[in-house]
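Asker: Just so you know, the sequence shown maps onto residues 1 to 248 in full-length UniProt numbering. Just so it is clear, CB atoms sit at the ideal spot from N, CA and C, and this is done for glycine as well.
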Amino acid sequence: MNKKSISSRKLVTAAMLGAITIVLSLTPLGLIPLGFINATTMHIPVIIGAIAEGPIVGALVGLIFGVSSLLNALLRNPSPVSFVFYNPLISVLPRVLIGITSYYAYKACQNIGDKKLKNLSKILWIAISIGLIYLLYKNITEGKSLLNIIFVIILLAVVIGLFMYSRKSKKDFPIAIGAFVGSMTNTILVLGGIYLIYAESYVKTLGLPMDSARSAILGVTITSGIPEAILSVILSTAVIKALKSTRR
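1. Can you list, in chain order, the stretches of the beta strand (DSSP E) that have 3 or more residues and sit fully within the stretch 96 to 150?
2. Distance, Cα to Cα, Glu-142 vs Phe-83?
3. Would Thr-237 and Asp-172 qualify as a contact pair, given that the criterion is a beta-carbon distance under 8 angstroms?
4. Who are the Cβ neighbours of Ile-20 in its own chain at under 6 angstroms, not counting the five residues just before and after it?
5. Do the CB positions of Gly-131 and Ile-64 come within less than 8 angstroms of each other?
6. Which residues mark the beginning and the end of the alpha helix (DSSP H) in which Pro-174 is found?
7. From the DSSP output, in three-state form, read off Pro-55 for me.
8. Figure out for me which residue from Phe-85, Leu-71, Ala-73 and Ala-50 has the closest Cα to the Cα of Met-62.
9. Quick check on the DSSP output: the alpha helix (DSSP H) that includes Pro-88 runs from which residue to which?
10. If you draw a straight line from the alpha carbon of Ala-157 to that of Gly-54, how long is it in whole angstroms?
11. Along the alpha helix (DSSP H) that carries Pro-227, what are the first and last residues, could you check?
12. For Gly-193 and Pro-88, which I take to be in contact (beta-carbon distance under 8 angstroms), what is that distance rounded to the nearest angstrom?
13. Closest to Ser-245 by CA distance: which of Leu-26, Lys-10 and Ala-52 is it?
14. Look up Leu-11 in the DSSP assignment and say whether it is helix, strand or coil.
15. Going by alpha carbons, who is nearest to Ile-240 out of Gly-219, Pro-174 and Ser-145?
16. Would you kindly check if the distance between the Cβ of Met-42 and the Cβ of Leu-24 is under 8 angstroms?
17. Candidates Val-81, Asn-119 and Leu-97: which alpha carbon is nearest Val-57's?
18. Given this structure, state the Cα-to-Cα distance separating residue 252 from Gly-219, to the nearest angstrom.
19. Thinking C-alpha only, which one of Lys-116, Lys-204, Ile-188 and Ser-68 is nearest Ser-224?
20. Cα separation between Asp-211 and Ala-73?
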């Protein structure tokens, strides 16, 4: 495959994933109900683009995601805290960096030895499976909606499939780490930017005392950021492995 066709493929991939990101931002598909939170999926195309096609594609899809977030905050049913996303340092820059950090985390993990990669991969999927089983148990015992329960069951089925595949493959752990790092890049930089630039007005809008700003934002990082990162790991790994298998 010549360089021109590779560049064309990257451009088409960036455009397609960017379009998917916009659709996710405009529809309920951008949020997946897990019971205690609605986990966002809008950053996942950025991660997929970065790991599958490189940091430039990832950054381009991230730019589309960021501009979409900025326009949504300005034009579409703004919430009381939408003002924080008027600033491109919060709405755009972190989304561009998702594509860069996820790619380089993925590449760094590829340098780990094969045997260690396979063992780490198994540990990763077992840990995520245990977490999803616990989440399924909580959703059932707390009487959450059938939709929540079905989503968790689907995610658990995907994880079990990835775990079975990981027994003969070492390639999923770098993808998973890249996805986790990319997702946490989004969470930490967005919420960190809100804390550094808008902490007082943000907590005031939410009706919270100023001295609780740090704990409030840290709480969102843990309760929302970690589940979203796990969701990113599951979906990104499944999609990227499927993409790579079609190119063989």
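Answerer: On the basis of the supplied data:
1. none
2. 35 angstroms
3. yes
4. Pro-45
5. no
6. 172 to 205
7. helix
8. It is worth fixing the name first, because residue 62 is Gly in this sequence and not Met. The shortest C-alpha separation from Gly-62 is found at Ala-50.
9. 88 to 91
10. 29 angstroms
11. 226 to 246
12. That pair is no contact at about 10 angstroms.
13. Ala-52
14. helix
15. Pro-174
16. yes
17. Leu-97
18. The question about residue 252 has no answer, for the chain in this structure spans 1 to 248.
19. Ile-188
20. 27 angstroms
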